[in-house]
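Numbering (the numbering used here), first residue to last: 16 to 498. Glycine included, each C-beta is placed from N, C-alpha and C at the ideal position. Since we're looking at a predicted model, the values are computed, not measured. Following: one structure in structure tokens, then a few remarks.
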Ligand SMILES: Cc1ncc(COP(=O)(O)O)c(C=O)c1O
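Here it is as structure tokens:
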């Protein structure tokens, strides 16, 4: 994926797009075949290369509370190390063999208490957690019904699931969920009779749209259609942990649904708001025992190491003490401030009306009890690269998102607001987007052939031409979805 930050990185990325396999006739077939597979990406200018965002204002990382970088978590982490001077660094085994110990159990106890859950099981990542849940929990004859925008890790879990019926419902639509569940009951007698079960998979906050699942309605639909409890909700709180609810407890707690019998599993991950890595699956002992016995991503891997656990505990200590509530409030303020700033610029309104760009999630902010950290800017397909280059040029990080992650014909630039951003930075970001919007309006109005590409993008093409005389087609500058 191209998301280069400066000319050196753009050159590096461009260099990476040159086909390689044809130059490797005498190389071992093992490497030649791999390069041939990579060439398929290079041909579309979409080979993923590593990049670094240095010396730029962070409007793209998942570290939305700025805990990974601000020093607050580091301090709490070092204090936790001091409280445990004799720690063993590694866990020395899988959780089901030598990897269990008093420390991990006490962190799990703290997590469960904080979220009002019966119990918690720590795993190495949210990816592992979803693979574990969706591969191991459904029994033969069960079904999985999932929001169509559900994360890739749920899809990967479903690939090895015993639930052969896996059906999407329309994003955030309780009506679509109802229709899907009704037709599932009609077509599957064991589910209708209540001897086989349905898992309903949703995310609390969707990172590509920045919107929030209508959880209360979803619970009502599930309760109404499955009063005997043979349908259960699994909610992924990856992007809501630390953001939503008192001290960042998450959406389920914010809505007071901790004891809701229709929500069997909650996933809290720590690589985003909590500034570290790892994840906890909150559920009752039946579900957690199922994972310990059947989930390969739990069984066949080393349990999280002490430093990871200590960082997670440090994060929970900060949440419990109310320290992170200030950061949560700051994100709320800055998101609203960004929206006010951009809407006050006349170019923005004009560009929205001209269909050049929009931020749907910024609508009706007053009516919402909370906003999310995500501000995806919708553009026409391919033009998200124009905006991305422009923002990089102005010193801001931003990530372009393409189909199939977003609908065909559209593109998006995903912006994330952080507690550590300043008001000036947020105002600067809004002004930068509006300058780009004005440039696009001017291009659209002038209709001058050969002048369709905005200035930041022209610089990239200039580099491409200088590199090897090969021009680039913007529509081919497609990113590979990474999330
Ligand atoms: C909704 C969702 N669930 C799970 C994950 C995976 O979490 P982790 O990064 O801890 O593996 C992500 C990360 O991108 C995510 O966005």
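Taking 9 Å as the cut-off, the beta carbon of residue 394 is found closer than this to the beta carbon of residue 428. The straight-line gap separating the alpha-carbon atoms of residue 139 and residue 315 is approximately 12 Å. For residue 220, the closest C-alpha among the options 57, 474, 376, 455 is that of 376. CA-CA distance, residue 426 to residue 105, rounds to 43 Å. In the three-state reduction of the DSSP assignment, residue 385 falls in the coil class, being assigned neither a helical nor a strand state. Pairwise C-beta distances place the segment 73 to 92 in contact with the segment 284 to 298, as three or more of them are shorter than 8 Å. Straight across, the Cα-Cα distance linking residue 443 with residue 32 is about 33 Å. Secondary structure at residue 285: coil, using DSSP grouped into helix, strand and coil. Taking 9 Å as the cut-off, the Cβ atoms of residue 357 and residue 388 do not count as close. Of all alpha-carbon atoms in 370, 471, 263, the one lying nearest the alpha-carbon of residue 343 is that of 263.
Residue 285 has its CB nearer than 8 Å to a heavy atom of ligand 1. Counted as a single uninterrupted DSSP element, the stretch harbouring residue 247 is not any alpha helix (DSSP H) but the beta strand (DSSP E) occupying residues 246 to 251.
Beta-carbon to beta-carbon, residue 254 and residue 202 are separated by about 33 Å, too far to satisfy the 8 Å threshold. CA-CA distance, residue 371 to residue 391, rounds to 14 Å.
Shortest gap from the CB of residue 222 to any heavy atom of ligand 1: under 8 Å. Within the same chain, Cβ atoms closer than 7 Å to the Cβ of residue 186 are found at 162, 163, 164, the five residues on either side in sequence being excluded. In this structure, DSSP gives residue 88 a helical state, which the three-state scheme calls helix.
For residue 369, the CB contacts under 7 Å within the same chain, skipping 5 residues up- and downstream, are 456, 459 in chain order. With 16 or more other Cβ atoms from the protein chains shown falling within 10 Å of its own Cβ, residue 436 counts as buried.
Between the segment 119 to 127 and the segment 377 to 384, the count of Cβ pairs shorter than 8 Å is below three; the stretches do not touch.
In this structure, residue 143 lies near residue 313, with their beta-carbon atoms less than 9 Å apart. The beta-carbon distance between residue 213 and residue 196, rounded to whole angstroms, is 7 Å. This is short enough to meet the 8 Å contact definition. By the Cβ criterion, the segment 152 to 161 is not in contact with the segment 128 to 139, since fewer than three pairs of Cβ atoms, one from each stretch, lie closer than 8 Å.
With contacts defined by Cβ atoms closer than 9 Å, residue 66 and residue 125 do not form a contacting pair. Per the C-alpha coordinates, the member of 322, 274, 226, 307 positioned closest to residue 259 is 226. When beta bridges are read from the DSSP output, residue 134 appears opposite 298. Only residues of its own chain outside the window of five on either side were considered, and among them 215, 246, 248, 277 have a CB closer than 7 Å to the CB of residue 237, listed in chain order. In terms of side-chain proximity, the C-beta atom of residue 251 is found nearer than 8 Å to a non-hydrogen atom of ligand 1.
Ranked by Cα distance from residue 156, the options 317, 45, 364, 205 are led by 205.
For the pair of segments examined, the segment 405 to 420 was found to touch the segment 58 to 73: the number of CB pairs separated by less than 8 Å reaches three. Here the alpha carbon of residue 88 sits roughly 14 Å from the alpha carbon of residue 97. Counting of Cβ neighbours within 10 angstroms places residue 287 among the buried residues, the total reaching 16 or more. Between residue 282 and residue 251, the C-beta gap is smaller than 9 Å, which places the two residues in contact.
Judged by DSSP in its simplified three-state form, residue 416 adopts strand.
The count of Cβ pairs closer than 8 Å, one atom from the segment 78 to 86 and one from the segment 337 to 353, reaches three, so the stretches are in contact. Pairing residue 183 with residue 379, the inter-Cα distance amounts to about 28 Å.
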